[in-house]
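Engineer:
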Amino acid sequence: MRADGTGEAAALRERLRHVYWIGGGSGAGKSTIARRLADRYGLRRYVTDDVMPDHARRTTPGDAPFLAEFLAMDLDQRWVNRTPEVMLDTFHWYRGEGFGLIVDDLLRLPRQPRVVVEGFRLLPHLVRPLLAVPDHAVWLLPTPEFRQAALIHRGDVWSFTERTSDPERARRNIAERDRMFTDRLRHQTARLGLRGLDLDGTVTEDDLVERVAGAFGL
């Protein structure tokens, strides 16, 4: 859904007033924090990662050209042959393709219970116009060390890279792309006056739950 007029934009913000948004870089703990908040406060979880296949099916090459290009590539073209900079700038979800489908899904949910939506697809410049309450959004910004430790802990070290011709290079490219994406989120949240939480090795899961709950005013 796209709100073009001032009145429509205000109405859309009001319809999404019950939604809390958790964005951020990979390995930041978005899913864990959203799940714990949902359990504690009786919130409904909407996980943007889970709906990516459905959203990919609901798009066309006309409205998601970068997704169409990505799907046409083999694994080496995606992860080995391109620079991290190109990977960052052309990755469809990082460009906001399909974001309107997230909004459409949220609008179809009942207003009770309240909703916590999480995922890296929540780009600050796309979420900001939807916020009736700016404090209802937060971005988790992990250091590279925090991210790597988290991915190893959950056994997620990009196993698909083993099917490329150069797994080590693919992993380096992805790690650098993700670092740049987190830096981009950090700059965007600061520029838009949104809340970003920097995460390093001193932050515990319990601490982060409390910080996000406090930021949301729960």
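This note's numbering applies: residue 7 is where the sequence shown begins, and numbers increase by one. Don't be surprised by glycine CBs; every beta carbon is placed ideally from N, CA and C. From a predicted model like this one, the values you see are computed outputs, not experimental measurements.
Report the partner residues of Arg51 according to the DSSP bridge assignment.
Structural biologist: Answer by DSSP bridge pairing, in chain order: Val122.
Engineer: Leu203 and Val144: beta carbons closer than 8 angstroms?
Structural biologist: Yes. Within cutoff.
Engineer: Can you check whether the CB of Leu112 is closer than 8 angstroms to the CB of Tyr52?
Structural biologist: Yes, these two residues count as a Cβ contact at 8 angstroms.
Engineer: With Ala74 as the anchor, note down where its alpha helix (DSSP H) starts and where it stops.
Structural biologist: 71 to 78 is the extent of the alpha helix (DSSP H) around Ala74.
Engineer: Excluding sequence positions up to five away, which residues of its chain have a Cβ less than 8 angstroms from the Cβ of Val86?
Structural biologist: Cβ neighbours of Val86 beyond the five flanking positions: Thr170, Ser171, Asp172, Arg175, Ala176, Asn179.
Engineer: Provide the residue span of the beta strand (DSSP E) that contains Val144, from first to last.
Structural biologist: Taken as a continuous stretch (DSSP letters only), the beta strand (DSSP E) holding Val144 covers 143 to 148.
Engineer: For the alpha helix (DSSP H) containing Arg183, name the first residue and the last one.
Structural biologist: That run of the alpha helix (DSSP H) goes 173 to 198.
Engineer: My output table needs one value for Asp204: the three-state DSSP class, helix, strand or coil.
Structural biologist: If DSSP states are grouped into helix, strand and coil, Asp204 belongs with the strands.
Engineer: Give a yes or no on whether the C-beta atoms belonging to Ser37 and Glu151 are separated by under 8 angstroms.
Structural biologist: Taking 8 angstroms as the Cβ cut-off, Ser37 and Glu151 do not qualify as a contacting pair.
Engineer: For the alpha helix (DSSP H) containing Gly106, list its first residue and its last residue.
Structural biologist: Its alpha helix (DSSP H) spans residues 105 to 114.
Engineer: So the candidates are Leu81, Arg127, Arg23; which of them puts its Cα closest to the Cα of Ser165?
Structural biologist: Considering only alpha carbons, the answer is Leu81.
Engineer: With three or more C-beta pairs closer than 8 angstroms as the rule, is the segment 90 to 103 touching the segment 11 to 27?
Structural biologist: Verdict: no, contact absent.
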